[in-house]
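These notes are about the structure you will find just below.
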Amino acid sequence: LRLINVSVDVPGNNIGAIAGTLNENGIINNCSVESGLVKGYLYVGGLVGYAANCDINNSSNKATVNGVYGSRTPFSTGGITGSLIAANIRNCYNAGEIISNGGSTAGGINGGGYTHVIENCYNVGLVHGDGAWSLGAISGNQAAEGEGKWLENKGAGGPEADKMTEAQMKADAFVSNLNSWVDGNTGYFNWAMDTENINGGYPVLIPWSYEARLNGITYSIDGGQTVSIPNFDKDIKSYIVTLPCNKPNAA
Numbered sequence: 001l002r003l004i005n006v007s008v009d010v011p012g013n014n015i016g017a018i019a020g021t022l023n024e025n026g027i028i029n030n031c032s033v034e035s036g037l038v039k040g041y042l043y044v045g046g047l048v049g050y051a052a053n054c055d056i057n058n059s060s061n062k063a064t065v066n067g068v069y070g071s072r073t074p075f076s077t078g079g080i081t082g083s084l085i086a087a088n089i090r091n092c093y094n095a096g097e098i099i100s101n102g103g104s105t106a107g108g109i110n111g112g113g114y115t116h117v118i119e120n121c122y123n124v125g126l127v128h129g130d131g132a133w134s135l136g137a138i139s140g141n142q143a144a145e146g147e148g149k150w151l152e153n154k155g156a157g158g159p160e161a162d163k164m165t166e167a168q169m170k171a172d173a174f175v176s177n178l179n180s181w182v183d184g185n186t187g188y189f190n191w192a193m194d195t196e197n198i199n200g201g202y203p204v205l206i207p208w209s210y211e212a213r214l215n216g217i218t219y220s221i222d223g224g225q226t227v228s229i230p231n232f233d234k235d236i237k238s239y240i241v242t243l244p245c246n247k248p249n250a251a
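The numbering of the sequence shown is my numbering, which starts it at 1 and goes up by one.
Structural data, given as structure tokens:
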């Protein structure tokens with residue numbers, strides 16, 4: 001699922017571009033919010049507002065997430081989820097701006113919650129708010145387990161995980177670091193360099209069926225398969241092949 005130019009503006013709680021609430025072993029996988037605004041004031045997330053006993057994998061947010069709504073006191077604002085309780089976020093990233101203010105927690109990946117796990121995620125979106133209780137580049141409170149990477153100067157306070165420079169996060173070594181985690185786990189997409197600048201030069205996720213380009217020809221490759229590209233007549237502009245697969249071979 002890929003959402004572009006979303007507009008979610010609700011003076012309420014449990015606000016997200018994909019789901020307001022996700023629980024009871026729910027799963028979000030391979031979803032992205034590419035642009036727009038998600039706005040509310042209690043449990044506001046780029047993808048999900050309130051997540052409990054669930055998993056969010058291989059997903060991303062680039063929309064602005066704003067937990068400030070008039071005179072209402074905000075609480076828990078995050079790039080992927082607003083609140084994460086006994087739930088997991090793995091292999092995800094946020095590049096959207098996160099806005100909060102007094103009395104709230106806010107984070108690049110998750111706003112607040114407890115006993116949750118965040119793994120192999122990164123944030124390059126600015127997390128800020130006047131007088132906010134706790135701001136974190138990855139998680140807005142101290143209850144997160146796992147790890148994350150974040151771009152320096154994009155968050156303040158809270159558990160900040162591993163701070164990195166822009167050059168470090170755009171380097172081959174960072175992509176290799178992300179993929180080393182993927183290699184040790186099943187069900188997760190590989191990462192690649194952002195050669196087409198669709199994510200500001202920061203690493204992007206590669207779905208298991210994805211488009212690649214070779215000599216002007218566009219085709220789809222699935223890992224573990226061999227695709228033979230036929231000889232083309234000069235008038236043929238493109239050729240698309242899609243094959244079933246279980247997991248990509250990021251060669």
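In this text, a Cβ means the ideal position worked out from N, Cα and C, and glycines have one as well.
Per DSSP, cross-strand counterpart(s) of residue i
{"i": "Ser67", "result": "According to the sequence provided, residue 67 is Gly. The question's Ser does not apply to it. Paired residues: none, contrary to the question."}
{"i": "Ala75", "result": "It should be noted that the sequence gives Phe, not Ala, for residue 75. The partner list for Phe75 (beta bridge, DSSP) reads Leu42."}
{"i": "Thr186", "result": "For Thr186, which the question treats as bridged, DSSP gives no partner whatsoever."}
{"i": "Asn16", "result": "Note on identity: in this sequence residue 16 is Gly, with Asn being the wrong assignment. In the DSSP output, where bridge partners are listed per residue, Gly16 has Gly45."}
{"i": "Asn61", "result": "Val33 and Asn94"}
{"i": "Ser134", "result": "Thr105"}
{"i": "Cys265", "result": "Any question about residue 265 goes unanswered here, given that the chain covers just 1 to 251."}
{"i": "Leu22", "result": "Ala51"}
Segment limits, beta strand (DSSP E) that includes residue i
{"i": "Glu34", "result": "Taken as a continuous stretch (DSSP letters only), Glu34 belongs to no beta strand (DSSP E), as it is neither H nor E."}
{"i": "Phe174", "result": "Segment Asp172 to Asp183 is the alpha helix (DSSP H) holding Phe174; no beta strand (DSSP E) there."}
{"i": "Ala167", "result": "Looking at the DSSP string, Ala167 is not in any beta strand (DSSP E); the run it does join, the alpha helix (DSSP H), is Glu166 to Met169."}
{"i": "Trp191", "result": "Asn190 to Ala192"}
{"i": "Tyr114", "result": "Asn110 to Tyr114"}
{"i": "Leu84", "result": "Thr81 to Ile85"}
{"i": "Leu1", "result": "Leu1 -> no beta strand (DSSP E), and no H or E assigned at all."}
{"i": "Ser7", "result": "Val6 to Asp9"}
{"i": "Leu205", "result": "Val204 to Ile206"}
Beta-carbon proximity of residue i to residue j, cut-off 8 Å
{"i": "Gly20", "j": "Tyr50", "result": "yes"}
{"i": "Asn179", "j": "Trp191", "result": "yes"}
{"i": "Val63", "j": "Ser83", "result": "Val is not the amino acid found at residue 63; the sequence shown has Ala there. Result no, Cβ atoms of Ala63 and Ser83 do not sit closer than 8 Å."}
{"i": "Gly140", "j": "Ser134", "result": "yes"}
{"i": "Tyr41", "j": "Gly16", "result": "no"}
{"i": "Ile85", "j": "Asn110", "result": "no"}
{"i": "Gly129", "j": "Ser104", "result": "yes"}
{"i": "Asn94", "j": "Tyr188", "result": "no"}
{"i": "Trp150", "j": "Ala167", "result": "no"}
{"i": "Asn123", "j": "Gly148", "result": "yes"}
{"i": "Val8", "j": "Leu37", "result": "yes"}
{"i": "Asn58", "j": "Val33", "result": "no"}
{"i": "Ile98", "j": "Ala87", "result": "no"}
{"i": "Leu3", "j": "Cys54", "result": "no"}
{"i": "Asn120", "j": "Trp181", "result": "yes"}
{"i": "Gly113", "j": "Val127", "result": "no"}
Residue environment, residue i, which counts as buried when at least 16 other CB atoms sit within 10 Å
{"i": "Asn5", "result": "exposed"}
{"i": "Asn249", "result": "Only weak support is given to the placement of Asn249: the predicted model assigns it a pLDDT of 41, under 50, and the question is left unresolved by the model."}
{"i": "Asn13", "result": "buried"}
{"i": "Ile27", "result": "exposed"}
{"i": "Gly70", "result": "exposed"}
{"i": "Leu1", "result": "exposed"}
{"i": "Pro203", "result": "buried"}
{"i": "Thr115", "result": "exposed"}
{"i": "Thr81", "result": "buried"}
{"i": "Asn25", "result": "exposed"}
{"i": "Ser176", "result": "exposed"}
| said: Closer than 8 Å is the cut-off here; do at least three beta carbon pairs connect the stretch 70 to 78 with the stretch 161 to 181? | reply: no
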